[in-house]
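A.B. asks:
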Amino acid sequence: MMKPIQVKGTIVSDSDAAIYRWLGYDVTAPKDIQLPEDDSDVTVEINSPGGDVYAGAEIYTKLRGYTGKVNANIVGVAASAASVIAMAGDHVAISPMGQMMIHNASARIQGNATDHKHLADVLDGVSAQIADSYAARTGKNAADFQALMDKETYFTAKESVEQGLADEIMFAENEAPAVAAGFGVLPTEVLNKARRMMSNEPASKSTVVLKAESIKAIVVEAIKPLQEQIDALKKPVAKQNTEPEEPQPKRFLF
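Here full-length UniProt numbering is used: the first residue of the sequence shown is 1, the next is one more, and so on.
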């Protein structure tokens with residue numbers, strides 16, 4: 001029997017996955033989703049706060065297009081992009097301690113008013129597609145999910161089943177306490193700095209040797225946004241995005 005496919009940690013692109021892992025983060029990228037060739041049933045275990053919208057869409061498409069049965073088990077939280085991945089399941093079960101969270105896509109760019117107006121239109125389109133993915137599975141109106149996304153809504157296991165986002169609660173039918181989740185998407189400048197340092201790593205060595213000052217700088221920059229996100233959980237939720245130091249492909253997070 002095939003081991004469950006793991007969707008754990010932050011959802012990132014294939015090109016960024018090595019950097020996150022080099023920094024010690026638990027991530028899932030599209031290339032990590034390996035499906036059997038015999039179309040046998042698969043189980044996907046999900047515990048993720050979400051991440052890159054396009055990476056999440058690629059994983060969703062892989063699972064949705066698989067001809068065998070896909071059983072999605074939400075063992076912790078399926079938030080943001082991870083909630084869309086769960087929608088690819090033919091059968092979705094959620095732990096009695098599990099949660100789901102849905103909200104709109106977000107991003108930040110530098111530029112003039114025209115640039116920002118254009119980005120707003122793009123984000124509206126992405127969010128509408130996300131709402132459609134929930135509606136496609138549940139048979140409900142996409143506009144109703146869009147309204148819930150506008151408010152950034154968390155669902156307990158029981159509420160997830162009531163909304164049609166999950167089919168059953170694993171082990172028990174009673175509602176369980178909510179499980180909070182933080183968001184761990186690294187800022188673009190941290191990814192760029194790590195990428196530059198990794199490119200200078202001697203090919204003959206398997207161990208990266210850094211000066212103490214360099215290690216401290218990376219850790220400080222990496223932890224700062226995560227600490228801000230943890231602090232934000234104690235207040236009304238605020239979106240955190242970071243402007244790139246140099247032109248980069250737009251990263252839509254949700």
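C-beta atoms are modelled at their ideal positions from N, C-alpha and C, and glycine is treated no differently.
On a predicted model such as this, the values are computed, not experimentally measured, just so you know.
For Ala72, which beta-bridge partners are listed by DSSP?
C.D. replies: Partner(s): Val44 and Val92.
A.B. asks: Kindly confirm or deny that the stretch 10-20 and the stretch 32-51 touch, where touching means at least three C-beta pairs closer than 8 Å.
C.D. replies: As far as the Cβ criterion goes, the stretch 10-20 touches the stretch 32-51, which means the pair count is three or higher.
A.B. asks: Counting along the chain, where does the beta strand (DSSP E) carrying Thr156 start and finish?
C.D. replies: Element bounds for Thr156: Thr153 to Thr156.
A.B. asks: Helix, strand or coil for Ser106? Go by DSSP, reduced to three states.
C.D. replies: Residue state, collapsed to three classes: strand.
A.B. asks: Taking the alpha carbon of Ile19 as the reference point, which residue from His116, Glu159 and Arg195 has its own alpha carbon closest?
C.D. replies: Checking every option, the nearest Cα to that of Ile19 belongs to Arg195.
A.B. asks: If you pair each beta-carbon of the stretch 126-145 with each one of the stretch 97-105, do three or more pairs fall below 8 Å?
C.D. replies: Cβ pair count under 8 Å is three or more, so yes.
A.B. asks: Give the straight-line distance between the Cα atoms of Val161 and His91, rounded to the nearest whole angstrom.
C.D. replies: The straight-line gap from Cα to Cα measures roughly 12 Å.
A.B. asks: With Ala166 and Ile94 assumed to form a contact (beta carbons below 8 Å), what rounded beta-carbon distance in angstroms separates them?
C.D. replies: That belief holds up - the Cβ atoms of Ala166 and Ile94 are roughly 4 Å apart, short of 8 Å.
A.B. asks: So, helix, strand or coil for Val179, using DSSP?
C.D. replies: Reliability of the predicted coordinates at Val179 is poor, the pLDDT of 47 falling under 50, and the value obtained from them is presented with this limitation in mind. Residue state, collapsed to three classes: coil.
A.B. asks: Would Leu53 pass as a contact of Ile130 if the rule is Cβ separation under 9 Å?
C.D. replies: Checking the displayed sequence, the identity of residue 53 turns out to be Val instead of Leu. Taking 9 Å as the Cβ cut-off, Val53 and Ile130 qualify as a contacting pair.
A.B. asks: Just curious, the beta strand (DSSP E) that Lys8 is in, first and last residue?
C.D. replies: Unbroken beta strand (DSSP E) run through Lys8: Ile5 to Ile11.
A.B. asks: Which partner residues of Ala79 appear in the DSSP bridge assignment?
C.D. replies: Looking at the DSSP assignment, Ala79 forms a beta bridge with Met101.
A.B. asks: How about Asn73 and Asp41: are their beta carbons less than 9 Å apart?
C.D. replies: No, these two residues do not count as a Cβ contact at 9 Å.
A.B. asks: Should Val84 be listed as close to the ligand SAM, given that the test is whether its C-beta is under 8 Å from any heavy atom?
C.D. replies: Annotation note on the ligand SAM: not contained in the displayed structure, which lists no ligands.
A.B. asks: Could you tell me the distance, in whole angstroms, from the CA atom of Met149 to the CA atom of Ala17?
C.D. replies: Roughly 27 Å separates the two Cα atoms.
A.B. asks: Output the distance between the C-alpha atoms of Gly98 and Ile5, rounded to the nearest integer angstrom.
C.D. replies: Spanning the two alpha carbons is a distance of roughly 18 Å.
A.B. asks: Do the CB positions of Ala57 and Ala81 come within less than 9 Å of each other?
C.D. replies: Yes, the Cβ-Cβ distance between Ala57 and Ala81 is below 9 Å.
A.B. asks: Secondary structure at Asp167, three-state DSSP: helix, strand or coil?
C.D. replies: Correct three-state label for Asp167: coil.
A.B. asks: Classify Val185 as helix, strand or coil using the three-state DSSP reduction.
C.D. replies: Coil.
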